[in-house]
Every structure is written in C-alpha cells, then in structure tokens.
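Undergrad:
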Amino acid sequence: MADVVKSLTVFQDDLDEERYQRYLASRYLAVDTETLGLVTKRDRLCVVQMCNEEGLISIVQIKNYGAPRLKVLMESRQVEKIFHFARFDMAALQHWLGCRVQHVYCTKIASKLTRTYTSSHGLKNLARELLNVEMDKEQQSSDWGAPMLTDKQLEYTAGDVIYLVGIKEKLDVMLARENRVGLATEVMAALQVRVDLDLAGWENEDIFSHS
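All the letters of the sequence shown, read from the start, carry residue numbers 1 to 211 under this note's numbering.
1. I'd like the span of the alpha helix (DSSP H) that includes Thr114, first residue to last.
2. How long is the line joining the alpha carbons of Val101 and Asn179, rounded to whole angstroms?
3. Any chance the region 84-91 sits against the region 62-69, with 3 or more Cβ pairs inside 8 Å?
4. Do you know offhand how far Arg19's Cα is from Cys106's?
5. For the alpha helix (DSSP H) that Ile57 lies in, which residues bound it at each end?
6. Which residue from Leu197, Glu80, Leu171 puts its Cα closest to that of Thr116?
7. For Cys31, write down the residues that DSSP places opposite it in a beta bridge.
8. Whole angstroms are fine: how far does the CA of Val195 sit from the CA of Glu53?
9. Just to confirm my understanding: we take Leu126, look at its own chain, exclude 5 residues before and 5 after, and list those with CB closer than 7 Å. What are they?
10. Using the beta-carbon count (16 or more within 10 Å), is Ile207 buried or exposed?
11. On the three-state DSSP scale, how would you describe Gln12?
12. Are the CB atoms of Leu24 and Gln94 nearer to each other than 9 Å?
13. Determine which residues share a DSSP beta bridge with Phe83 and list them.
14. Span of the alpha helix (DSSP H) holding Gly182?
15. Quick check on this structure: which residue in Tyr28, Gln153, Val47 has the alpha carbon closest to the alpha carbon of Leu15?
16. Using 8 Å as the cut-off, can you tell me whether the region 137-157 makes contact with the region 181-200, which would need three or more C-beta pairs spanning the two stretches below that distance?
17. What does a CB cutoff of less than 6 Å around Val165 pick up in its chain, not counting 5 residues either side in sequence?
18. Check whether the Cβ atoms of Gly182 and Leu36 lie closer than 9 Å to each other.
19. Look up Leu45 in the DSSP assignment and give the residues it is bridged to.
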C-alpha cells in the first residue's frame, strides 16, 4: 500500500478539472467518506476519497463545502458510484455538500443479499474472502479534520476505495447466480429514501416494523 500512497493525489476542497473529467468519463467510481465521528449532523465531513476502474485514486480534503465539481460528479447518472455502507456516506454528502448521490451500488447490501452463510459483511471481510486481501483498519478512528493527513491515514483512505470495484464484480456474479440482481437493484434504488429518513430524524427507527 505504500506505493499506492505515492501514486494518489490529494486535493483541497474539490477535484481539479482534469481529474473531474477523467472520473466523469469512467464507468465506475468507488467512493468513501471520512467524518469526525458517526453522528452525521454533528460530525463534519472531512475527506472524500475516490478510485475509478483504472485505479486512479483521489483524496479530497473538505473545508469550505463548496466542491462544485465533486457535487456534479456525485449527482451524475452516467457514472456508477460504489460504496460500502452507502447509507452513511450518502447522508454525509447530502447533509454537508447538499448533493443527492445518483446511480449507487452498495457492497454491504450486495453482500447481505448473497453471502447469507455469514453475518460478517464488513469491508475487511469482503476483501479477505473475495479478493484474498488483508486490509489494515488501524486508522479507522482518526482525526480526519487535521490540516495534513499522515501517510498512514492516506494509506487507509486509499484502501477503503481501491478494492471496491473488484468486490462489486465478485458480488455481481453471486447476485446473478442466486437470481437476486433485480432485488438488489430495487433495494439500492431505495437507498435515497432511507437516507432522507435518516436526515429527517428516523435514523434509529424502522418505520416498517410493527412496533
């Protein structure tokens, strides 16, 4: 992963025009976010990391919450955005940047619809089983609001996106095998409703439950 850190590009507040156009022309864009904590409306969005199918990695440190190119990219229906636990990242992007992410694929949802033989659906579990890769999650709890990110933090952010395209491709095969592609598509299309409920105050309640 040290070589990956050397090859990634760190941007301040938004992508530049060249990187934006490269991503806009991509088929897939793996995306993850880092926040100060896990409470969306309290803990600010600090970092957005991305990687396309070519392995082009970008880290955007967010301070002013303008990011016009990043917003357009997230809302583009032409590029499929791949997240792990999209619900959280979509809520952070919507609350802090004001964008509603379009054309979303969530590897956690795909895993829960296919890997019913296990309750382990974390990104680390998927990388190990599907790609035979061991991920280091040491920096998961870290000060992402720091002005300068450490090499360890950069390595962590890159690791959270660099494997998502490969994981998606493996899960797609399993979804097709189990005849659950249609179900997965419908669930992921409904993610925006779940995000809207979270941001409206129903984040800890299942409105479909009887109780």
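Note that beta-carbon positions come from the ideal geometry of N, C-alpha and C, so glycine has one too.
TA: Result, derived from the coordinates:
1. 107-114
2. 26 Å
3. no
4. 23 Å
5. Where Ile57 is concerned, there is no enclosing alpha helix (DSSP H), although the beta strand (DSSP E) it sits in stretches over 57-61.
6. Leu171
7. Correcting the residue type first, residue 31 is Val in the shown sequence and not Cys. Val31 pairs with Met50.
8. 26 Å
9. Thr107, Ser111, Ile167
10. exposed
11. strand
12. no
13. Cys106
14. 181-189
15. Val47
16. no
17. Tyr28, Ala30, Glu53
18. no
19. Thr35
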